[in-house]
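Peer 1: Just so you know, the working numbering puts 532 at position 498 of the sequence shown, and the rest follows in order with no gaps.
Even for Gly, the Cβ is constructed at its ideal location relative to N, Cα and C.
Here the structure is a predicted model, which is why all the values come from computation and not from measurement.
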Amino acid sequence: MSGALGGFLGLVGMSAVAGILVTAAVAPAVALSGIAATNTINVFDNLPEYLSIDRLAQKSNIYASTNAEDPVGTRVLLASFYEQNRVDVPSDAISQFVKDAAIAGEDPRFMEHGGVDVQSSFNGAVQTLAGGGTRGGSSITQQYVKNVLIQKCEVMTDADAADACYDDATLPTADRKLREMRLAIGIEKEYEKADILRGYLNIAGYGGTVYGIEAAANYYFNTNALNLTLPQAASLVAIVNNPVKFQLDRPDSETNGAANGYAANKVRRDYILNEMLKYDKIAQADYDAAIAAPIEPVITVPSTGCQTAGDNAFFCDYVTKILKNDVTFGATEEERIDNFTRGGFDVYTTLDLELQATAVAALNANVPKTYNDWNVGGVVSSVQVGTGNVLVMTQNKDYSQDPAVQATGANYTSINYNTDFAYGGSGGFQPGSTYKVFTLAEWLKEGHALTERVDSRRKSNWGNFQDSCLGVKNYDNDTPPFNPRNDSNESGTNYSALQSTTGSINTGFIGMAKKLDLCGIRKTAENFGVHRADGNALDQGAASVIGTNEIAPLTMAVAFAGIANNGMTCSAVAITKIIGTDGTELPIPASNCQQSVEPSVAAGMQYAMKTVMTNGTATDSNRNTTPRLPMIGKTGTTDGAKDTWMSGATTKVATVVGVVNVGGNNWKSQRSSRYNLLGKYPATARHRIWPIVMSAANAKYGGDDFPEASSSVINAVAVPVPDVRGKSMAEAKTTIEAAGFLFVDGGVTSSEMPAGTVANTDPAGGAASTRGATVTAFSSDGTGVVIPAVIGKTEADARTALTAAPYGFSVAKLEQATTDKAQDGKVVAIQPGEGTASRPGDGVTIVIGKYTAPAAADGQGTDTGKKG
């Protein structure tokens, strides 16, 4: 009874389905002929009229180039990224063998039906109703519909929604099958057969992550879809029928492996070839040759992720972070990631592969990937001046995002040391004295000159620092005390800004900061694009002046490029072009250029930074760079020589090189003779790497002269020294410092001035000197006398005056010839001079004039007896 009842119900159900199938078969004709819809057709009214063809997930590629002028023509693939390895191709890029194989093997009546093959679907419906599941019968259009529905599920970010969507698209139910049919009919109303077939071949799965005929041809046979042979085409179409069973990348499979000639795939392949012959798609000779051909896959695994980019992997990783972080590529991070991994973009980058290779070689020759317990790091970042294009980005580590790989050695890391945390995971490094250039910029902005001097004495009582943002700061009571010293123990007390820059004098820059606004220095740094790598605000304390903020090397390269670009700073860019799947250019992030300082200020900075290269701390880098174009630079060393830097630029390229500690507390002083890097002194590694990189950059990009700095920027204004004689030393100090000079107590000297008051200064009051220069004041001991006026007196009168009380001078005499009879026997000079302070009893010398008649002129006064 149960069998008979089941058969009866099956007959009734099958009859209902048959009616629907007939309707499906005539639906396109109804739509095209304009005949009014019947009630039977209206059962589908709650479904979409047709299914739109959405963008398929495709592989995105990142390229670099050896020629910025021709990035496409000289492109080199760095890496590819995909959720589904697919390359969408047009119909004319697909072999006719593939098209014929798909139709013959999957849907022989494809060109005749309206989206649903009634005969095949009827047979499938009988099986479904009798057995409770679906079997076969789907047309190519229906298969396309199913794949599109699945792709819609793939893009969902909510896992539960995606699972429900997938079930709805794939569950073996009559309801799902009927809905699929209706959508197939809608597709056929809107698209040509050729477009539907192309869509099907591009969306179908070919095993694993391989999707679409182009990627399948690349992966399985190392060719493209257009050049597939007949047997290759049939083998790939065979995979679509059952990807897990028929895929060709498991040579060890017992049922479909190399040992048995990929038997499972061959059976299906040969069936398709037979169908192609049956429907006159191929000739007998072609069939015979294809049947006899062995299946010989050439598995070509595509680049997947930045680990395949080798020496360029960290730059590749930086590009992916831009694609995921920049709002140009989508409103949310999820949308940006989806666009990148599914978008099929060709991304062209700024990386100069030739300059990059030079930097990699220089770094490898000077900084090892590992060094005992010192996790030493080496970084190189180069930026094109005026564009912000990142030309070089490398470090002394191997790239891997896999924790298991990273665990095998300290040479592996996923952290990009050149970039900010958000673009590579690094917290940045203290740039040391390379940061001083921003105090120099603020110094010149505020009207100070390079030759102006400041108090550069080392001390722990610097007093108050002005800070317009946070209020006056004082560090005199800090623990430990704020007592910066100079690396080379320079002992000068009154360095100029130029000397401080050339020699990288810490106390000189602290002295400059005393005359400036700490908040202003911070803002000037920010104007050059400088920011902390961790995203926090820049510290603006006095210590930050000498480089205690953690900054990414790329950020410093951008800033130095801004200085070289006459104060115009252009933010870093790594992408020059993105081409979409349809060949159109997509929007990309542009470099943001801003005038950080006025060109006159930049010229002053350049002037000072050129002296760093020619006469200062960067002479080694300058001397070893060829061709030696005009270059600016600044060195930097952090406390204990933990990190060392060489940063500089021409008018075309800026490069930052650093040798740094990248983790742990077991860092080594790079100035210690106990350690070496590949047999060489660590502290000078930067001066070996930087010249190699910049020599290549200079040869390729060239460079121009920097603009001349104005005299007002270089030379401090001369102002008169105040006359403070007779004032108290405290009053004199206040007066001299208020005039812009550095007051120095020169101690006690003999003077007629009251004891404790200023006897004299050096330079003397009224003399012109530059602001910031030292003025030494001497206090009087009150015992001195002033040499009286004796010039013009007779020798006797002069002696009487000089030896009388309170002078008691010891008088010596010199004679000086004179032709003036009025000076004969008179004092014509005295040493020390009249009015000069001296001690009683000291020696003085008077100069007495002695008349000598002038010699007679030729021909006058004597008769020689000669006649003219």
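Report yes if the C-beta distance between Y451 and G422 is below 7 Å; otherwise report no.
Peer 2: No. Outside cutoff.
Peer 1: What residue does the alpha helix (DSSP H) around I880 start on, and which one ends it?
Peer 2: Unbroken run through I880 is the beta strand (DSSP E), G877 to Y885; no alpha helix (DSSP H).
Peer 1: If you run the structure through DSSP and keep just helix, strand and coil, what is M680?
Peer 2: If DSSP states are grouped into helix, strand and coil, M680 belongs with the strands.
Peer 1: On a CA-only basis, which of S490, D510, I585 and S337 is nearest A533? Give me that one, please.
Peer 2: Going by the sequence as given, residue 533 is Gln instead of Ala. Here the closest residue by C-alpha is S490.
Peer 1: Please name the residue, chosen from R143, P124, S129 and T689, that lies closest to L425 on a Cα-to-Cα basis.
Peer 2: Checked all of R143, P124, S129 and T689; the closest Cα to L425 is T689.
Peer 1: Let me know the alpha helix (DSSP H) ranges lying completely inside the stretch 690-778, each 4 residues or longer, listed in chain order.
Peer 2: For the stretch 690-778, whole alpha helix (DSSP H) runs of length 4 or above, ordered along the chain, are 719-735, 745-748 and 763-772.
Peer 1: Assign M647 to one of two classes, buried (16 or more other C-beta atoms within 10 Å of its C-beta) or exposed (fewer than that).
Peer 2: With 16 or more Cβ atoms within 10 Å of its Cβ, M647 is classed as buried.
Peer 1: Considering only the alpha carbon of each residue, which of S706, T558 and G596 lies closest to P420?
Peer 2: This sequence places Gly at residue 420; Pro is not what is there. It is G596 whose Cα lies nearest to the Cα of G420.
Peer 1: To the nearest whole angstrom, what separates the beta carbons of R232 and N275, a pair I think is in contact under 8 Å?
Peer 2: Not really, about 19 Å apart at Cβ, beyond 8 Å.
Peer 1: Please tell me whether A218 and V179 are closer than 7 Å, where the distance is taken between their beta carbons.
Peer 2: Cβ distance < 7 Å, so A218 and V179 count as in contact.
Peer 1: Could you pull out every residue in the same chain whose Cβ sits closer than 6 Å to the Cβ of A801, ignoring the five residues on either side in sequence?
Peer 2: For A801, where only same-chain residues beyond five positions count, the Cβ hits under 6 Å are V755.
Peer 1: Counting along the chain, where does the alpha helix (DSSP H) carrying I585 start and finish?
Peer 2: No alpha helix (DSSP H) contains I585, which DSSP labels as neither H nor E.
Peer 1: Helix, strand or coil: which one does DSSP assign to G242?
Peer 2: In this structure, G242 counts as coil in the three-state DSSP scheme.
Peer 1: Between the beta-carbon of D815 and the beta-carbon of A789, is there less than 7 Å?
Peer 2: Yes. Within cutoff.
Peer 1: With DSSP collapsed to three states, give me the class of S655.
Peer 2: It is helical.
Peer 1: A719 to S129, Cα distance in whole Å?
Peer 2: Rounded to the nearest angstrom, the two C-alpha atoms are 57 Å apart.
Peer 1: Compare the beta carbon distance of A396 and T428 with 7 Å and say whether it is the shorter of the two.
Peer 2: Not closer than 7 Å, so no.
Peer 1: Tell whether a beta-carbon distance below 7 Å holds between Q464 and G581.
Peer 2: Yes, Cβ-Cβ distance for Q464 and G581 is below 7 Å.
Peer 1: CA-CA distance, N76 and Q176?
Peer 2: Low local confidence applies: a pLDDT of 33 at N76 is under 50, so the model's placement there is unreliable, with the coordinate-based value given in what follows. When rounded, the distance between both Cα atoms is 20 Å.
Peer 1: How would you call A608, buried or exposed, if buried means at least 16 neighbouring beta carbons within 10 angstroms?
Peer 2: A608 comes out buried.
Peer 1: Please check the pair V132 and L235, which I expect to be a contact at CB under 8 Å, by giving their CB distance rounded to whole angstroms.
Peer 2: About 6 Å separates the two Cβ atoms, so the contact holds.
Peer 1: Thinking C-alpha only, which one of E480, Y245, G497 and G466 is nearest D521?
Peer 2: The shortest Cα separation from D521 among E480, Y245, G497 and G466 belongs to G466.
Peer 1: Name the residue from N700, N699, A675 and T684 whose alpha carbon lies nearest to the alpha carbon of G692.
Peer 2: When only C-alpha atoms are compared, the closest one is A675.
Peer 1: So, helix, strand or coil for L385, using DSSP?
Peer 2: Reduced to three states, the DSSP call for L385 is strand.
Peer 1: Hey, quick one: how far does the alpha helix (DSSP H) through T354 stretch, first residue to last?
Peer 2: From DSSP, the alpha helix (DSSP H) with T354 extends over A347 to N359.
Peer 1: Thinking C-alpha only, which one of G462, K557, V150 and V635 is nearest H482?
Peer 2: With distances taken between Cα atoms, H482 lies closest to V635.
Peer 1: In the DSSP output, what is M602 paired with across the bridge?
Peer 2: M602 is bridged to Q629.
Peer 1: To which residues of the same chain is P285 closer than 7 Å at the C-beta, ignoring the five residues directly before and after it?
Peer 2: These residues qualify, in order along the chain: G291 and A292.
Peer 1: What number of angstroms, rounded off, separates the C-alpha of E388 from the C-alpha of T289?
Peer 2: Going by the C-alpha atoms only, they are around 49 Å apart.
Peer 1: Between I585 and Y200, what straight-line distance do the alpha-carbon atoms span, to the nearest angstrom?
Peer 2: Taking the straight line from one Cα to the other gives about 47 Å.
Peer 1: Using the beta-carbon count (16 or more within 10 Å), is I333 buried or exposed?
Peer 2: It counts as exposed.
Peer 1: Expressed to the nearest angstrom, what Euclidean distance is found between the alpha-carbon atoms of S287 and T243?
Peer 2: C-alpha separation (whole angstroms): 19 Å.
Peer 1: Measure the CB-CB distance between P664 and F740 and report whether it falls below 7 Å.
Peer 2: Yes; because the gap between Cβ atoms is below 7 Å, this pair is in contact.
Peer 1: For G411, which of helix, strand or coil comes out of DSSP?
Peer 2: Strand at G411.
Peer 1: Express the C-alpha separation of S813 and E560 in angstroms, rounding to a whole number.
Peer 2: Approximately 47 Å between the Cα atoms of the pair.
Peer 1: Between which two residues does the beta strand (DSSP E) harbouring D796 extend?
Peer 2: First-last of the beta strand (DSSP E) with D796: V792 to D796.
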